[in-house]
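In this text, residue positions in the sequence shown follow the working numbering: the first is 736, and each later residue adds one. No residue lacks a Cβ here, since even glycine has one placed at the ideal position from N, Cα and C. Notes follow the structure.
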Amino acid sequence: MILLFLVSPLHATHNRAGEITLTQIDELTYEITITTFTYTLSQADRNRLEVQWGDNTYSYANRVSITKLPNFYQKNVYITRHTYPGPGLYEIVVQDPNRNQGVKNIPNSVNVVFSIKTTIMINPALGNNSTPVLLNPPIDRAALNQVFIHNPAAYDPDGDSISYKLTVCTEQDGRPIEGYTLPPYSDTLFVNPVTGDLTWITPVDTGIYNIAMDVEEWRSGVKIGNIVRDMQIEVYNTDNHQPEQNEPGNYCVAAGTTIAFDIIATDPDNDSIYLSATGGPFVVEESPASYAVDIASAEIGYSRARFTWHTRCSHVRNQYYTAVFKAEDSNPEITLVDIRNVNIKVIGPAPEMPELIPGSSSVTVTWPADTCLPVTGYRIYRRIGPAGYVPDTCTTGIPPETGYEWIGETGSRLDTIFTDDNKGKGLVQGNEYCYVIVSVYPDGSLSYPSAETCTPLIEGAPSILEVSVTEHAESGTIRLAWARPEEPDSIPEAGPYEYIIYRSDDLLGQALTQVGSLSTPDLSDTVWLDENVDTRRFPWSYSVELYNDAPGNRILLGKPEVASSMYPALKGGDNRIEIQMRKNVPWINYDYVIYRRNPNTLAYDSIGFTTEDVFVDEGLANGVEYCYRVTSTGWRILDGKLYENVNHSHINCTVPVDSTPPCPPYLTGYSL
736 MILLFLVSPL HATHNRAGEI TLTQIDELTY EITITTFTYT LSQADRNRLE VQWGDNTYSY
796 ANRVSITKLP NFYQKNVYIT RHTYPGPGLY EIVVQDPNRN QGVKNIPNSV NVVFSIKTTI
856 MINPALGNNS TPVLLNPPID RAALNQVFIH NPAAYDPDGD SISYKLTVCT EQDGRPIEGY
916 TLPPYSDTLF VNPVTGDLTW ITPVDTGIYN IAMDVEEWRS GVKIGNIVRD MQIEVYNTDN
976 HQPEQNEPGN YCVAAGTTIA FDIIATDPDN DSIYLSATGG PFVVEESPAS YAVDIASAEI
1036 GYSRARFTWH TRCSHVRNQY YTAVFKAEDS NPEITLVDIR NVNIKVIGPA PEMPELIPGS
1096 SSVTVTWPAD TCLPVTGYRI YRRIGPAGYV PDTCTTGIPP ETGYEWIGET GSRLDTIFTD
1156 DNKGKGLVQG NEYCYVIVSV YPDGSLSYPS AETCTPLIEG APSILEVSVT EHAESGTIRL
1216 AWARPEEPDS IPEAGPYEYI IYRSDDLLGQ ALTQVGSLST PDLSDTVWLD ENVDTRRFPW
1276 SYSVELYNDA PGNRILLGKP EVASSMYPAL KGGDNRIEIQ MRKNVPWINY DYVIYRRNPN
1336 TLAYDSIGFT TEDVFVDEGL ANGVEYCYRV TSTGWRILDG KLYENVNHSH INCTVPVDST
1396 PPCPPYLTGY SL
């Protein structure tokens, strides 16, 4: 039994649903597609529609196609182009005087203009911006006291994120319809903001209703446009029941993986079932998905189809693809449908495991170039000690809870070398450093992480223990000391030996020049004083080479390392000075004692200590010069033996200043 009030074809009423989508042609030119769904028995039929462009101009869009659909629906497509005067936010409105008669939740609907609108943001900083397209037509019917679901199958070709919500149907010039209400329901009527499912639980009255869905488009957290789909739902009283489909679940896969699963539909009334599918996987340019109905297995009340998608690197993006599966029965009374969604995320495959080349205070990380051509570069992550992290199938990149820190990136697919020197500070000896690599794609999406690989640093030979400023002057002195090898017999040459000392006026040893040498018959000489060196202005770094110095057999033994003196970098603030201990050393400093010059005695008095690399001296007088020196205590393990050391920094001075601007004055005006 069916009870529905039918509109007479003699009335010139016809608009059931519609939406506006746009495709960007060039910087300011857009192609607009207006899609309307009309009642085929109506006498009203539009060959063209007026478009209000939102820039105080209008023009007409001609109809380019007509498609006859079930349930007396006709799909009409109108296309035209428009060039905007410049960047801005534009609301496009298309309207037609003929909204259907008898819409129960729109008062006097036959006299209410049917309008649809879309908003687009034009901003060169955003890049190209085309709206999403809605791939599932709004032509399904609802049954009294049965759950109704519609999903527009929105797909954004730019990879922007999409959200959904209900909104109000509009009338002339895109204004909200006065007196509009949502259709009545027994429990709820809502749109899932993530999946786009419009769910009506459940219709409690027969008739014609209109609902508007707002499909919003987002990029980098900024709303850049929206589409409003105005759609009509006809509710029937029927003994027919909807078919039911299985729930395939959602998928996350690496690009290059083939996804395949079956959709099985059954009908409680044993009606024949027609299966169809829409959504992003079916419209991608490269390797679109297929959906093949297994005709041989079809029987009364049963149907099966197979979804297959051979994913490619071009499919990788931040957003999920949504495939919408529809099962429609063939009941002679009224056809009803069941909707199921499958969300699929295509993730970049993991880069190959990197190779590590350790130094004494840095690690060079190399890896093979990713075979996915869209890759734009790589992120490099580091932690101390292995994490043993195994990602789940839907997690990209590397989560912070693994302890990995994002330490750098490269700028192209072929740029596959990165040297980690801790941003110029140097890595610390005694740790095992672990690395993973993640590929980056054009929309910012990240691949699965590579397998982690770890390495200790190479102990330099000789291994430096001290770079200590013992005299602060224009012709000052720095004490350089290193560890004597524990087992001299393990050195492959018998000597005599010579140490060559190099110095550079920076932290990293980037301009090393020879400043001295030291001959030793048995390696017992391990201290060298660098005298007449200006210790006032900047830190110095050193490297020591060890040579076998036998006549006719002079060779370099081991690999030298770099270590710097410690320099207190100062930053003056309001009644405070921040002291940062800048150094590049192959040992671990665990304590710093801060000394400040006493203006009366000129001695350096201890004012505090810290285990951090930064100390703040507060309660100072602005405009007065303060000078500081720092003493560090540290340790290093070499060949299983613990070495402790003490190093004195350079002296540095600065003045605290109040750089905070005053609050604006409070102004009060009086009229006379």
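Check: Going by DSSP, what residues sit across from PHE807 in a beta bridge?
Finding: Here residue 807 corresponds to residue number 72 of the sequence shown, with the count starting at 1. None; PHE807 has no bridge partner.
Next item on the list: Use the C-beta contact count for GLU785: other C-beta atoms within 10 angstroms, 16 or more gives buried, fewer gives exposed.
Entry: What you label residue 785 is simply residue 50 of the sequence shown in a count that begins at 1. That one is exposed.
Checklist line | Helix, strand or coil at PRO1391 [DSSP, three-state] | finding: In the sequence shown, the residue the question calls residue 1391 occupies position 656. DSSP places PRO1391 in coil when its eight states are reduced to three.
Checklist line | CA-to-CA distance, TYR890 to ASN797, given in whole angstroms | finding: Here residue 797 is taken as the residue at index 62 of the sequence shown, counted from 1. Here residue 890 is taken as the residue at index 155 of the sequence shown, counted from 1. Each residue's Cα considered, the two are about 25 angstroms apart.
Notebook entry, point to check: Do SER1007 and GLY1424 come within 9 angstroms of each other at the CB atom, strictly closer than that value?
Noted result: The structure shown does not extend to residue 1424, since the chain is modelled only from 736 to 1407, so the question has no answer here.
Next item on the list: Reducing DSSP to helix, strand and coil, say where CYS987 ends up.
Entry: Start at 1 with the first residue of the sequence shown, and residue 987 comes out as number 252. Here CYS987 sits in strand by DSSP.
Check: Which residues in the same chain as SER896 place their Cβ atom closer than 8 angstroms to its Cβ, once the five residues preceding and following it in sequence are excluded?
Finding: Along the sequence shown, read from residue 1 onward, the residue named residue 896 stands at position 161. GLU952, TRP953, ARG954, ASN1053, GLN1054.
Notebook entry, point to check: What runs of the alpha helix (DSSP H), each 4 residues or longer, lie entirely inside the stretch 789-843?
Noted result: none
Check: Buried or exposed: where does SER1394 fall if 16 or more other Cβ atoms within 10 Å of its Cβ makes it buried?
Finding: As a working mapping, residue 1394 is identified with position 659 in the sequence shown. SER1394 is exposed by the Cβ-count criterion.
Check: Looking at the structure shown, is ALA1122 part of a helix, part of a strand, or coil, going by DSSP?
Finding: Against the sequence shown, residue 1122 aligns to sequence position 387. In the structure shown, ALA1122 sits in coil (DSSP, three-state: anything other than H, G, I, E or B).
Next item on the list: Going by CA-CA distance only, name the one from PRO872, GLU1140, ASN981, LEU1337 that's closest to THR1001.
Entry: Here residue 1001 corresponds to residue number 266 of the sequence shown, with the count starting at 1. Checking every option, the nearest Cα to that of THR1001 belongs to ASN981.
Notebook entry, point to check: Just reading off the beta strand (DSSP E) that PRO1303 is part of, what are its end residues?
Noted result: Residue mapping note: residue 1303 aligns to position 568 of the sequence shown, counting from 1. It spans 1302-1308 - the beta strand (DSSP E) in which PRO1303 sits, taken as one unbroken run.
Checklist line | beta strand (DSSP E) runs wholly inside the stretch 906-956, at least 3 long, in chain order | finding: 920-926, 933-938, 942-954
Next item on the list: List the endpoints of the continuous beta strand (DSSP E) containing GLY1343.
Entry: Looking up residue 1343 in the sequence shown gives position 608. Segment 1339-1345, the beta strand (DSSP E) holding GLY1343.
Notebook entry, point to check: Expressed to the nearest angstrom, what Euclidean distance is found between the alpha-carbon atoms of TYR1325 and GLY931?
Noted result: Against the sequence shown, residue 1325 aligns to sequence position 590. Against the sequence shown, residue 931 aligns to sequence position 196. Going by the C-alpha atoms only, they are around 55 angstroms apart.
Next item on the list: State yes or no: is the C-beta of ARG1311 within less than 9 angstroms of the C-beta of GLU1353?
Entry: Taking the sequence shown and counting its residues from 1, the one referred to as residue 1311 is at position 576. Taking the sequence shown and counting its residues from 1, the one referred to as residue 1353 is at position 618. It is a contact, given that the beta carbons lie within the stated cut-off.
Margin query: What residue range does the beta strand (DSSP E) around PRO1191 cover?
Written below: Translated into positions along the sequence shown, residue 1191 becomes position 456. First-last of the beta strand (DSSP E) with PRO1191: 1188-1191.
Notebook entry, point to check: Can you tell which of ALA1024, PRO1023, ALA1040, SER1025 has the C-alpha that lies nearest to the C-alpha of ALA1031?
Noted result: Here the question's residue 1031 lines up with position 296 in the sequence shown. When each option's Cα is compared against that of ALA1031, the closest is ALA1040.
Note to self: Let me check understanding here. Comparing Cα to Cα, which of ILE1069, ASP1004, THR854 lies closest to ALA878?
What the structure shows: The residue you call residue 878 lines up with position 143 of the sequence shown. Checked all of ILE1069, ASP1004, THR854; the closest Cα to ALA878 is ILE1069.
Margin query: VAL812 and ARG834 - do their beta-carbons sit closer together than 9 angstroms?
Written below: Here residue 834 is taken as the residue at index 99 of the sequence shown, counted from 1. Here residue 812 is taken as the residue at index 77 of the sequence shown, counted from 1. No, Cβ-Cβ distance for ARG834 and VAL812 is not below 9 angstroms.
Note to self: Beta-carbon within less than 7 angstroms of GLY1307's beta-carbon, same chain only, minus the 5 sequence neighbours each way: which residues are those?
What the structure shows: Within the sequence shown, numbered from 1, the residue matching residue 1307 stands at position 572. Closer than 7 angstroms at the Cβ level, and outside the excluded window around GLY1307, lie THR1389, VAL1390, PRO1391, VAL1392.
Item checked: Residues bridged to TYR1055 (per DSSP) -> Counted from its first residue, the sequence shown places residue 1055 at position 320. According to DSSP, TYR1055 bridges with nothing at all.
Next item on the list: Look at the alpha carbon of PRO1109 and the alpha carbon of ALA1085, and state the distance between them as a whole number of angstroms.
Entry: Indexing the sequence shown from 1 puts residue 1109 at position 374. Indexing the sequence shown from 1 puts residue 1085 at position 350. Going from the Cα of PRO1109 to the Cα of ALA1085 covers about 14 angstroms.
Notebook entry, point to check: Taking the alpha carbon of THR1420 as the point to measure from, which residue in ALA1216, GLU1187, SER1384, PRO1023 has its own alpha carbon closest?
Noted result: The requested residue 1420 is not part of the displayed model; the chain covers only 736 to 1407.
Margin query: Here's the rule I'm using: 16 or more other beta-carbon atoms within 10 Å means buried, otherwise exposed. How should GLY862 be labelled?
Written below: Reading the sequence shown from its first residue, position 127 is the one you call residue 862. Its Cβ having fewer than 16 others within 10 Å, GLY862 is exposed.
Checklist line | TYR1378 to VAL1125 span [Cα, whole Å] | finding: The residue labelled residue 1378 in the question sits at position 643 within the sequence shown. The residue labelled residue 1125 in the question sits at position 390 within the sequence shown. So the two alpha carbons sit approximately 37 angstroms from each other.
Check: Would you say SER1011 faces chain D, with C-beta separation under 9 angstroms as the test?
Finding: Annotation note: the requested chain D is absent from the structure, which comprises a single protein chain.
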